[in-house]
Every structure is written in C-alpha cells, then in structure tokens.
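Participant: Numbering (numbering that gives the first Met the number 0), first residue to last: 0 to 190.
Beta carbons are placed, not taken as given, at the ideal position from N, Cα and C, and that holds for glycine.
I am attaching a structure below and will ask some questions about it afterwards.
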Amino acid sequence: MKNFIIFGPPGAGKGSQAVILAKRYNLKHISTGDILREEIKNGTKLGLKVKSLMDEGALVGDDIILEIIESVILNSKGYSGFLYDGFPRTIYQFQVLDEFLQKIGYKTDAVISLVVKEEILIKRMLRRAEIEGRADDADIEVVKKRIATYREQTEPLVEIFEKRGRYYPLEGDTTIEQSFNEICTIIDSLG
Ligand code: ADP
Numbered sequence: 000m001k002n003f004i005i006f007g008p009p010g011a012g013k014g015s016q017a018v019i020l021a022k023r024y025n026l027k028h029i030s031t032g033d034i035l036r037e038e039i040k041n042g043t044k045l046g047l048k049v050k051s052l053m054d055e056g057a058l059v060g061d062d063i064i065l066e067i068i069e070s071v072i073l074n075s076k077g078y079s080g081f082l083y084d085g086f087p088r089t090i091y092q093f094q095v096l097d098e099f100l101q102k103i104g105y106k107t108d109a110v111i112s113l114v115v116k117e118e119i120l121i122k123r124m125l126r127r128a129e130i131e132g133r134a135d136d137a138d139i140e141v142v143k144k145r146i147a148t149y150r151e152q153t154e155p156l157v158e159i160f161e162k163r164g165r166y167y168p169l170e171g172d173t174t175i176e177q178s179f180n181e182i183c184t185i186i187d188s189l190g
C-alpha cells in the first residue's frame, strides 16, 4: 500500500488534485476536512464538537483527527494506497501517522506540496465560497486566520519533510491539469 500526502495551505488546490489522483491510482482519498464537514452535516456528537473550531479557522484537536485517520486506514479495502488531503496539519499528527504506518508495514512514499502565493489563496477561497458554500471560505477574516494557522502550526512540517526526503514542492499557481500532470510524473517515477 502506497501512502501519499498532498500538502499545502488552504486554497492551494489539494482537494481538486486529490480527487483526480485517487481515481487515477486507485487510492483511498482521505480528506479530514470533508470527513469533519460530513459529521457536522449529520449533526453527530463529533460534528457538534468540532464545528466552532472549524468556523473560526482553528485546528481540531490532534486526537480526534488521529482517531479518524486510523479508523479509515484500517477499514478501507480494495485500494492500492492512501492519499492524505488536509492531513497531517501538525508535527504531532505526522509523527503519529509515521509510527502507525511503520507498525502496519508501510511508510510515507511521497509528500507533494502545492506552493501558492497568499493573495491567490485568498482569491480562490472567496471564489470557492460562492460555488461550494463553505462558511469558512466566505469570511475574509476566517480565511486569513486559516492561513495564519497554517503558517504557525502546519508549515513547520516542511523542514521535517525536507530532512526525510521524498518531498516534492510544486508551483501550485497553474491549471488543475498541469499540476495533475506534474504530480503524475512524480508518482510514476517512484515506481
Ligand atoms: P482547507 O485546507 O481549505 O482549509 P480543509 O477542508 O482541509 O480545508 O479543513 C477545514 C477545517 O477542518 C480546518 O480549518 C480545520 O478546522 C479542520 N481540519 C481539517 N483537517 C484537519 C487536521 N488534519 N487537523 C486539524 N484540523 C483539521
């Protein structure tokens, strides 16, 4: 089983790439954001617990996220691997994922990072708000808070990824198709 992380700030295009990559390589697409939004939509206990944090652009607790991830990994059958989208978002999340994958005989095969300028991220999220209706995209203050949260809590992961290798930063300010082709070239080169 292959394990790929698609990494980058909110609005970088991780979700768009993840959907088409998952199809192409028969990967289970694990979007923690989508899973949490589904919980909120269904009014579950978990949904209620995470809603206010998501609405304000803060991160949900590591324990909640890690429980979701482990359960999805253990309960997915018939895939050639996993594609993590919006996860890991903290150093701790990555450490736990790494240990967990080792324990079950896998590793992180590649981290693909989409690099996009801040002004473009903001524009994209505001536009996405009109299409998808996500409350956390519609409010410019929440959008900025999410970018700040990313810089503080998620971006420090880059140093760890760089040290470990198999880290591929890509210019994300291109078309969906161009990024997709570049990512496919990377994945195909890994064998
Ligand atoms: P985006 O990358 O566009 O911000 P996501 O759908 O990945 O959107 O995440 C939406 C929100 O869900 C985040 O702002 C955060 O509150 C919560 N969330 C998603 N994934 C994680 C995670 N791995 N750790 C903590 N919080 C998360």
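For LEU26, which residues of its own chain have a beta-carbon under 8 Å away from its beta-carbon, when the five flanking residues on both sides are left out?
Facilitator: Looking up residue 26 in the sequence shown gives position 27. Same-chain partners within the cutoff: LYS1, PHE3, LEU20, TYR78, SER79, GLY80, PHE81, LEU82.
Participant: Which residues share a DSSP beta bridge with ASN2?
Facilitator: As a first step, residue 2 is located in the sequence shown; it is residue number 3 there, counting from the start. PHE81.
Participant: Whose C-beta lies closer than 6 Å to the C-beta of ARG127 among residues of the same chain, with five residues either side of it excluded?
Facilitator: Within the sequence shown, the letter at position 128 stands for residue 127. The residues are ASP136.
Participant: When the Cα atoms are used, what is the spatial distance from GLU154 to PHE93?
Facilitator: For the purposes of this step, residue 154 is taken as the residue at position 155 of the sequence shown. For the purposes of this step, residue 93 is taken as the residue at position 94 of the sequence shown. Their Cα atoms are separated by approximately 12 Å.
Participant: Nearer than 7 Å: is that true of the beta carbon of ALA128 relative to any heavy atom of the ligand ADP?
Facilitator: By one-based count along the sequence shown, residue 128 stands at place 129. Checking the Cβ of ALA128 against the ligand ADP gives no.
Participant: Can you tell me which of GLU181, GLN152, ILE185 puts its alpha carbon nearest to the alpha carbon of ARG165?
Facilitator: Indexing the sequence shown from 1 puts residue 165 at position 166. It is ILE185.
Participant: Give the C-beta separation of GLN16 and ILE182 to the nearest angstrom, bearing in mind that I take them to be a contact with Cβ-Cβ under 8 Å.
Facilitator: Against the sequence shown, residue 16 aligns to sequence position 17. Against the sequence shown, residue 182 aligns to sequence position 183. Confirmed, about 6 Å.
Participant: Let me know the secondary structure DSSP gives GLU154 once reduced to three states.
Facilitator: As a first step, residue 154 is located in the sequence shown; it is residue number 155 there, counting from the start. Three-state result, GLU154: coil.
Participant: Using the rule of at least 16 other Cβ atoms within 10 Å of the residue's Cβ for burial, across every protein chain shown, is THR43 buried or exposed?
Facilitator: As a working mapping, residue 43 is identified with position 44 in the sequence shown. Answer is exposed; the Cβ neighbour count stays below 16.
Participant: Can you tell me the Cα-Cα spacing of LYS76 and SER70, whole angstroms?
Facilitator: Here residue 76 refers to the residue found at position 77 of the sequence shown. Here residue 70 refers to the residue found at position 71 of the sequence shown. Going by the C-alpha atoms only, they are around 12 Å apart.
Participant: Give every residue of the same chain whose Cβ lies closer than 7 Å to the Cβ of MET156, excluding the five residues on either side of it in the sequence, and list them in chain order.
Facilitator: Taking the sequence shown and counting its residues from 1, the one referred to as residue 156 is at position 157. For the record, residue 156 in the displayed sequence is Leu; it is not Met. Contacts found: PRO87, ILE90, PHE93.
Participant: At which residues does the beta strand (DSSP E) containing VAL95 begin and terminate?
Facilitator: Position 96 of the sequence shown, counting from 1, holds the residue named residue 95. Not the beta strand (DSSP E): VAL95 falls in the alpha helix (DSSP H), residues 90-102.
Participant: Name the two residues that bound the continuous alpha helix (DSSP H) containing TYR149.
Facilitator: Residue mapping note: residue 149 aligns to position 150 of the sequence shown, counting from 1. Element bounds for TYR149: n/a, residue is neither H nor E.
Participant: Give me the Cβ distance between GLY46 and GLU38, rounded to the nearest whole Å; I'm assuming they're in contact under 8 Å.
Facilitator: Along the sequence shown, read from residue 1 onward, the residue named residue 46 stands at position 47. Along the sequence shown, read from residue 1 onward, the residue named residue 38 stands at position 39. Indeed, because the Cβ distance is near 4 Å, the residues count as touching under 8 Å.
Participant: Secondary structure at LYS106, three-state DSSP: helix, strand or coil?
Facilitator: Within the sequence shown, residue 106 is the residue found at index 107, counting from 1. LYS106: coil per DSSP, three-state reduction.
Participant: Between THR31 and ILE64, how many whole angstroms is the CB-CB distance? I'm expecting something under 8 Å.
Facilitator: If you number the sequence shown from 1, residue 31 lands on position 32. If you number the sequence shown from 1, residue 64 lands on position 65. The Cβ separation is near 6 Å, so the contact holds.
Participant: Comparing C-alpha positions only, which one of LYS40, VAL49, ASP84 sits nearest to GLY7?
Facilitator: The residue given as residue 7 occupies position 8 in the sequence shown. Ranking LYS40, VAL49, ASP84 by Cα distance to GLY7 puts ASP84 first.
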